[in-house]
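Numbering (this note's numbering), first residue to last: 292 to 707.
Glycine included, each C-beta is placed from N, C-alpha and C at the ideal position.
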């Protein structure tokens, strides 16, 4: 009896499985018929999406191009319906409207991947091409590609609505990602998109900003790099890209971006060459640093920053700050309020004072004179940048030597 029951269960299972497949395919056909045979409202399209969505994950239909194509088509029709309503002044759910565009693209792209049918002869055997591989034909690809061409510019607008109106930066990124990548997809023809690469690059930049707003540094950096690659190389793009590379601790990318920015905008902003010089000094590439700084001073002889950097370079090369005096002096001659220049000149005199203090031939007056000369420079530097602990510690020593108990106590209190 048990054996007979098992047999019945197996037979029922075998009968049930193909019925499930037929049921799911019928569901796809029914939804297609529903959306094709009537003028639908927004709610009708939403209901159709809810009805057909399970076929995308069902075992019997998840790999069927038709299910994905039909779903994508409904999403596009929902978007088109909202667009028409908006055009005649009716209120629409913009989040639903533009999200339908993104969902439609995702479904259509999956349909493209699945839309391949093996061509067979009358006996059901695969027909082979010249390469010996089975011939493939597609059923929905042409319609899919036409729909994508038709809605291409809508993704640009969708990104702007998500970003500006809704502050939905993730969706803005997704919309602009589709907009900027579609012209270069293998199944699309680049010349059918009447937009130049630089204009596409502008929206790569914008999606980079959107990615940065969501905290996705990796997506932001790749977007900015793509913008530059496509010819949209405004200064802001470089500055954002440099910020992302720095946050990612991607040193080689960072240096390369700064070099490009310097070549493009070096005359407008000295921060790029300052970075390159500091980088060369930090990594003890003194020949590179010398070449860069000498070129900078030659081109911009009235830039105080470059003279201070030259002094720091000479100090690092020779191991003696005394060799840098003329450069620090020139820096402050051009700009008496240069923060780093004041700090470095203060360091120069402070170093002389410490050296003189150890010299048995120096008098107390000579030592105190040097501490006194260091004092105003370091005070100005510390006032401008209270986080400069080196300036603060040097000032403590100076106030102690000069007997200025009031300032020393005040500085000690600031330290705690």
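Residues that DSSP places opposite residue i in a beta bridge
| i | result |
| --- | --- |
| residue 408 | 428 |
Best match in the options for proximity to residue i [C-alpha to C-alpha]
| i | options | result |
| --- | --- | --- |
| residue 429 | 454, 478 and 377 | 478 |
| residue 462 | 541, 340 and 497 | 497 |
| residue 590 | 353, 557 and 523 | 557 |
| residue 508 | 536, 528, 492 and 493 | 536 |
| residue 513 | 464, 481 and 667 | 464 |
| residue 603 | 587, 580, 594 and 624 | 580 |
| residue 406 | 616, 435 and 673 | 435 |
| residue 494 | 370, 533 and 474 | 474 |
| residue 485 | 681, 440 and 529 | 440 |
| residue 383 | 330, 395, 585 and 369 | 369 |
| residue 261 | 422, 545, 397 and 421 | Here the chain covers residues 292 to 707 and nothing more, so residue 261 does not appear. |
| residue 667 | 649, 657 and 698 | 698 |
| residue 685 | 670, 534 and 499 | 670 |
| residue 687 | 701, 676, 678 and 675 | 701 |
| residue 393 | 606, 470 and 647 | 470 |
| residue 344 | 361, 330 and 576 | 361 |
| residue 560 | 529, 395 and 371 | 529 |
| residue 516 | 505, 506 and 500 | 500 |
| residue 433 | 331, 364 and 552 | 364 |
| residue 385 | 327, 544, 410 and 450 | 450 |
| residue 331 | 376, 420 and 480 | 376 |
| residue 476 | 695, 400 and 511 | 400 |
Distance between residue j and residue i (C-alpha atoms, nearest Å)
| i | j | result |
| --- | --- | --- |
| residue 308 | residue 350 | Unreliable positioning characterises residue 308 in this predicted model, as indicated by a pLDDT of 45, which lies under 50. A coordinate reading is not provided. |
| residue 286 | residue 643 | Missing from the structure shown is residue 286; the chain here goes from 292 to 707 and no further. |
| residue 566 | residue 367 | 49 Å |
| residue 453 | residue 620 | 54 Å |
| residue 614 | residue 640 | 12 Å |
| residue 594 | residue 550 | 19 Å |
| residue 381 | residue 373 | 9 Å |
| residue 379 | residue 335 | 20 Å |
| residue 354 | residue 347 | 8 Å |
| residue 408 | residue 483 | 27 Å |
| residue 538 | residue 612 | 32 Å |
| residue 352 | residue 527 | 48 Å |
| residue 629 | residue 592 | 16 Å |
| residue 554 | residue 663 | 43 Å |
| residue 577 | residue 403 | 56 Å |
| residue 519 | residue 333 | 41 Å |
| residue 548 | residue 574 | 18 Å |
| residue 703 | residue 609 | 34 Å |
| residue 631 | residue 689 | 19 Å |
| residue 418 | residue 531 | 54 Å |
| residue 624 | residue 646 | 26 Å |
| residue 587 | residue 564 | 8 Å |
| residue 358 | residue 472 | 25 Å |
Which of helix, strand or coil DSSP assigns to residue i
| i | result |
| --- | --- |
| residue 419 | strand |
| residue 523 | coil |
| residue 573 | helix |
| residue 353 | coil |
| residue 686 | helix |
| residue 796 | Residue 796 falls outside the range modelled here, since the chain spans only 292 to 707, and no answer is possible. |
| residue 479 | coil |
| residue 539 | coil |
| residue 554 | helix |
| residue 484 | coil |
| residue 462 | helix |
| residue 413 | coil |
| residue 382 | coil |
| residue 667 | helix |
| residue 653 | coil |
| residue 694 | coil |
| residue 591 | coil |
| residue 457 | coil |
| residue 565 | helix |
| residue 345 | helix |
| residue 451 | helix |
| residue 507 | coil |
| residue 751 | The structure shown does not extend to residue 751, since the chain is modelled only from 292 to 707, so the question has no answer here. |
| residue 363 | helix |
| residue 492 | helix |
| residue 629 | coil |
| residue 332 | coil |
| residue 610 | coil |
Any non-hydrogen atom of the ligand HEM closer than 7 Å to residue i Cβ
| i | result |
| --- | --- |
| residue 526 | You won't find the ligand HEM in this model; it holds no ligand whatsoever. |
Contact between the stretch 450-460 and the stretch 403-417 (3+ Cβ pairs under 8 Å): Between the stretch 450-460 and the stretch 403-417 there are fewer than three C-beta pairs closer than 8 Å, too few to call the two in contact.
The stretch 629-646 touching the stretch 590-604, judged by at least three CB pairs closer than 8 Å: Look at the beta carbons and you see the stretch 629-646 touching the stretch 590-604: at least three pairs across the two are nearer than 8 Å.
Does the stretch 380-393 touch the stretch 438-457, meaning 3 or more C-beta pairs lie closer than 8 Å? yes
Cβ pair count under 8 Å reaching 3, the stretch 519-535 against the stretch 486-500: yes
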